[in-house]
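**Student:**
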Amino acid sequence: MERGSGISPELKALMAFCKAYLNDKHRVMLPAGIHWAKFIQLAQKHRVLFPVHQIVQRSGLVLPPEVDAEIRKINKALTVKALKHTSHIIAISKILEEQHIPHLFIKGPVAAQQIYNDPFAKHSRDIDVVVDPSQIHPALKSLQKKGYQLIGGFDQFSPKQQQAFLSFQNQLVLVHTREKVQVEIHWRLFSNRYLFPLSFQETLVGAEQIRIGPKEVNGLSGKYLLFYLCTHGAKHHWSQLYLLTEVVRLLRSMAFNWKETLAKAMELGVERPLVQALLLAEICFQEETPPAVKEYAARDKTICKLVDLAYKAILGQIEVPVDHGARNYLKALAYRLWLRKDLRYKVGYWQPVSVNDFRLVKLPESLFFLYAWLRPFFWCWRYFIKSPGHA
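Just so it is clear: in the sequence shown, position 84 is 83 by numbering that gives the first Met the number 0, and no numbers are missing.
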């Protein structure tokens, strides 16, 4: 595929804004023919309204009045939300510290402070906090006592169902009853434990102290943050530009020894997401790919397929498959299976039980073993009967 072909004026403009922001420029060259309503929709979809707003302010770029007003309005609302998230991060950290529960924060204002040196530069839907798997129940109780309500039915599951959920999933969702702030509490970084097989203790040993308002909280260390951003972006096909801009900004703010970094990525099995990210950064933002990374890409032919699919997803030329309907499920699964080479990771996508099955059929504890036997029937019902239009 010829790079640069098939890009809409709106996406070209969005990439130009992101590139100017990454390069700390005060001017931006925009293509002709921009449909501004579509541009705003696209900026929201790609979650990059903050850099757009920053460049407009720096450059003095004159936009149509209604466009400028809409960008300011949306950005203000997102900033207020980030400010609210910041206050809850401080509160959550204090709650967990009082119970002597080690924890760290990923994504959101903490990652924004690490990457952009600005906690409001990253617009997030929720707060993500990670605890040790052994501390999940005490952490939940502590947060529930302070007004965070558990949603999703986990507290209604039987002990065996809860144990299975903790084994095969990676997060639970709470919502603050008064302020409606959503919190995801994680006990590992991804539901497939082999996608980024880093234990909580390993993340904590190298954790970086990040100042959020008056408090310091734990965040992922630089190298692990890079690996996490790449793995998270790869999992989502890099379909939103904010995923890639974060990686590029981090690359420019830290010095990496690429032979050592690539060797560590290979040790953890996340070299494909890392290499995919760096090649996409060169395609989209002209970020030079390190020679060691180019050498690896030349040896691993799967990388080319991963980059091609992700670039098409960024351009909107392919719809990123979601897990609705058998065909979309299998498309998403096929892509994810390419992200790592090892068999354990691929087998990790097969789960003997699913939380969706618990909601579909309630079995007594004595018959819990039947969930594994009934799973194929549940799967067929979910993808071929319930959603036949997607199959």
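C-beta atoms are modelled at their ideal positions from N, C-alpha and C, and glycine is treated no differently. Being a predicted model, the structure only gives us computed values, none of them experimental.
Given a cut-off of 7 Å, decide if residue 69 and residue 39 are closer than it, judged by their beta-carbon atoms.
**Tutor:** Start at 1 with the first residue of the sequence shown, and residue 39 comes out as number 40. Start at 1 with the first residue of the sequence shown, and residue 69 comes out as number 70. A contact, by the Cβ cut-off of 7 Å.
**Student:** Let me confirm a value: residue 195 is counted as buried when at least 16 other C-beta atoms fall within 10 Å, else exposed. Which label applies?
**Tutor:** Here residue 195 corresponds to residue number 196 of the sequence shown, with the count starting at 1. The residue in question, residue 195, is buried, as its Cβ has 16 or more Cβ neighbours within 10 Å.
**Student:** Using the DSSP secondary-structure output, state which residues sit across from residue 396 in a beta bridge.
**Tutor:** Coverage of the chain is limited to positions 0 through 390, which leaves residue 396 absent and any answer about it impossible.
**Student:** Classify residue 97 as helix, strand or coil using the three-state DSSP reduction.
**Tutor:** Within the sequence shown, numbered from 1, the residue matching residue 97 stands at position 98. Helix at residue 97.
**Student:** Measure how close the beta-carbons of residue 271 and residue 240 come, nearest whole angstrom, since I'm counting them as under 8 Å.
**Tutor:** Here residue 271 refers to the residue found at position 272 of the sequence shown. Here residue 240 refers to the residue found at position 241 of the sequence shown. Residue 271 to residue 240, Cβ: 21 Å. No contact.
**Student:** Who are the near neighbours of residue 153 in its chain, counting only those whose CB is closer than 7 Å to its CB and skipping five residues on each side?
**Tutor:** Stepping through the sequence shown from its first residue, residue 153 is reached at position 154. These residues qualify, in order along the chain: 161, 164, 171.
**Student:** Report the residue ranges of all alpha helix (DSSP H) runs contained in full by the region 227-284; include only those spanning at least 4 residues, in chain order.
**Tutor:** 240-252, 257-267, 270-284
**Student:** Consult DSSP for residue 147 and reduce its assignment to one of helix, strand or coil.
**Tutor:** Looking up residue 147 in the sequence shown gives position 148. Correct three-state label for residue 147: strand.
**Student:** Determine which residues share a DSSP beta bridge with residue 208 and list them.
**Tutor:** Mapped onto the sequence shown, residue 208 falls at position 209. Bridge partners of residue 208: 217.
**Student:** Tell me the rounded alpha-carbon separation between residue 333 and residue 58.
**Tutor:** Residue mapping note: residue 333 aligns to position 334 of the sequence shown, counting from 1. Residue mapping note: residue 58 aligns to position 59 of the sequence shown, counting from 1. The straight-line gap from Cα to Cα measures roughly 44 Å.
**Student:** For residue 7, does the three-state DSSP call read helix, strand or coil?
**Tutor:** As a first step, residue 7 must be located in the sequence shown, where it is residue number 8. Coil.
**Student:** Determine contact between the region 343-362 and the region 285-292, defined as no fewer than three beta-carbon pairs at a distance below 8 Å.
**Tutor:** no
**Student:** Using 7 Å as the threshold, is the C-beta distance between residue 279 and residue 224 below it?
**Tutor:** The residue you call residue 279 lines up with position 280 of the sequence shown. The residue you call residue 224 lines up with position 225 of the sequence shown. Not closer than 7 Å, so no.
**Student:** Buried or exposed, going by whether 16 or more other CB atoms sit within 10 Å of the CB of residue 127?
**Tutor:** Position 128 of the sequence shown, counting from 1, holds the residue named residue 127. Buried, since its Cβ has 16 or more Cβ neighbours within 10 Å.
**Student:** With three or more beta-carbon pairs closer than 8 Å as the criterion, would you say the region 357-370 touches the region 220-238?
**Tutor:** no
**Student:** Based on Cα-Cα distance, which residue from 344, 186, 55 lies nearest to residue 139?
**Tutor:** Walking along the sequence shown from the start, residue 139 turns up at place 140. Measuring C-alpha to C-alpha distances from residue 139 to each of 344, 186, 55 identifies 186 as the nearest.
**Student:** Roughly how many whole angstroms lie between the Cα atoms of residue 282 and residue 9?
**Tutor:** In the sequence shown, residue 282 corresponds to position 283, counting from 1. In the sequence shown, residue 9 corresponds to position 10, counting from 1. Those two C-alpha atoms are separated by around 18 Å.
**Student:** Skipping 5 residues on each side, what residues in its chain have a beta carbon closer than 8 Å to that of residue 0?
**Tutor:** For this step, residue 0 is matched to residue 1 along the sequence shown. Interpretation of residue 0 is limited by its pLDDT of 42, a score under 50 that renders its predicted location unreliable; the figure taken from the coordinates is listed afterwards. 307, 310, 311, listed in sequence order.
**Student:** In angstroms, rounded to a whole number, what distance separates the CA positions of residue 344 and residue 78?
**Tutor:** For the purposes of this step, residue 344 is identified with residue 345 of the sequence shown, where counting begins at 1. For the purposes of this step, residue 78 is identified with residue 79 of the sequence shown, where counting begins at 1. Those two C-alpha atoms are separated by around 38 Å.
**Student:** Assign residue 365 to one of two classes, buried (16 or more other C-beta atoms within 10 Å of its C-beta) or exposed (fewer than that).
**Tutor:** Walking along the sequence shown from the start, residue 365 turns up at place 366. Residue 365 comes out exposed.
**Student:** What first and last residue would you give for the beta strand (DSSP E) that runs through residue 128?
**Tutor:** As a first step, residue 128 is located in the sequence shown; it is residue number 129 there, counting from the start. Where residue 128 is concerned, the enclosing beta strand (DSSP E) stretches over 126-130.
**Student:** Quick one: residues in its chain with C-beta nearer than 8 Å to the C-beta of residue 30, no 5 flanking neighbours on either side, listed in chain order?
**Tutor:** By 1-based counting over the sequence shown, the position of residue 30 is 31. Contacts found: 8, 11, 12, 15.
**Student:** Cα separation between residue 19 and residue 112?
**Tutor:** Indexing the sequence shown from 1 puts residue 19 at position 20. Indexing the sequence shown from 1 puts residue 112 at position 113. The alpha-carbon atoms of residue 19 and residue 112 are separated by roughly 19 Å.
**Student:** How is residue 412 classed by DSSP in three states: helix, strand or coil?
**Tutor:** With the chain represented from 0 up to 390, any question about residue 412 goes unanswered, as that position is not in the structure.
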